[in-house]
Amino acid sequence: MGQGDAGGTAPAPAQAELARTFAGWRTKAFEAARCPVRDVLDRTGDKWSILILTALAGGPHRFSAILRLIPDLSKRMLTQTLRDLERDGYIARTVYPTKPPSVEYRLTDLGGTLMEPLAVLIRWAERSHAEIEAARVRFDGG
Numbered sequence: 111m112g113q114g115d116a117g118g119t120a121p122a123p124a125q126a127e128l129a130r131t132f133a134g135w136r137t138k139a140f141e142a143a144r145c146p147v148r149d150v151l152d153r154t155g156d157k158w159s160i161l162i163l164t165a166l167a168g169g170p171h172r173f174s175a176i177l178r179l180i181p182d183l184s185k186r187m188l189t190q191t192l193r194d195l196e197r198d199g200y201i202a203r204t205v206y207p208t209k210p211p212s213v214e215y216r217l218t219d220l221g222g223t224l225m226e227p228l229a230v231l232i233r234w235a236e237r238s239h240a241e242i243e244a245a246r247v248r249f250d251g252g
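Numbered by the working numbering, the letters in the sequence shown go through residues 111 to 252 in order.
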């Protein structure tokens with residue numbers, strides 16, 4: 111069976127760990143609003159957060175530099191996403207007293223801890239994207 115097929119093989123260690131974690135959640139009094147996974151994915155799972163965090167992985171950037179790095183991102187959406195990432199502690203905003211004021215964004219220590227798992231996800235996405243696209247074509251009857 112291929113990677114995308116449901117098979118009867120024994121789960122890999124990571125799969126077994128995730129299954130145990132999920133089962134543990136089900137045995138507790140579950141509160142969706144307090145679920146740490148949902149909370150993190152609500153922020154990082156949107157269209158722009160991961161791209162912005164990845165852009166900041168190389169070091170601090172000004173607003174205009176981030177816009178240049180992610181050309182299809184609007185100013186309004188960048189502003190909102192930066193605020194959300196700052197609110198959740200992933201990035202910090204530094205204002206320099208220049209004329210006009212200069213603002214720079216950088217990863218915080220918390221944001222930095224997300225880079226390793228994010229790098230794993232990005233490598234997986236790059237490696238698996240062709241297979242995902244092929245699955246979509248098969249599903250859609252193409």
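Positions of the beta carbon are idealized from the N, C-alpha and C atoms, including for glycine.
Nothing here was measured: the structure is a model prediction, and the numbers come from that model.
Rounded to the nearest angstrom, how far is the Cβ of residue i from that of residue j, given a contact under 8 angstroms?
i: Tyr215; j: Ile176; result: 7 angstroms
i: Ile162; j: Thr191; result: 6 angstroms
i: Phe173; j: Val213; result: 6 angstroms
i: Arg144; j: Asp194; result: Not confirmed; about 19 angstroms, so no contact.
Straight-line CA distance for residue i to residue j?
i: Ser159; j: Pro227; result: 14 angstroms
i: Ser184; j: Gly155; result: 18 angstroms
i: Leu151; j: Gln125; result: 19 angstroms
i: Lys209; j: Ala202; result: 21 angstroms
i: Trp234; j: Arg136; result: 28 angstroms
i: Thr204; j: His239; result: 36 angstroms
i: Met225; j: Arg248; result: 33 angstroms
i: Val230; j: Arg237; result: 11 angstroms
i: Glu141; j: Asp149; result: 11 angstroms
i: Ala122; j: Asp182; result: 38 angstroms
i: Ile232; j: Ala245; result: 19 angstroms
i: Met111; j: Arg178; result: Residue placement at Met111 is flagged as unreliable, the pLDDT there being 41, under the threshold of 50; the coordinate-derived value follows with that caveat. Computed Cα separation, rounded: 43 angstroms.
So the candidates are the options; which of them puts its Cα closest to the Cα of residue i?
i: Thr223; options: Ser174, Phe249, Pro170 and Tyr200; result: Tyr200
i: Thr218; options: Leu183, Asp198 and Gly155; result: Asp198
i: Pro170; options: Ala122, Val230, Cys145 and Gly221; result: Gly221
i: Ile180; options: Lys157, Pro211, Leu195 and Ile232; result: Lys157
In this structure, what does DSSP give as the bridge partners for residue i?
i: Glu214; result: Arg172 and Thr204
> On the three-pair Cβ rule with 8 angstroms, is the stretch 130-138 touching the stretch 156-167?
Replying inline: no
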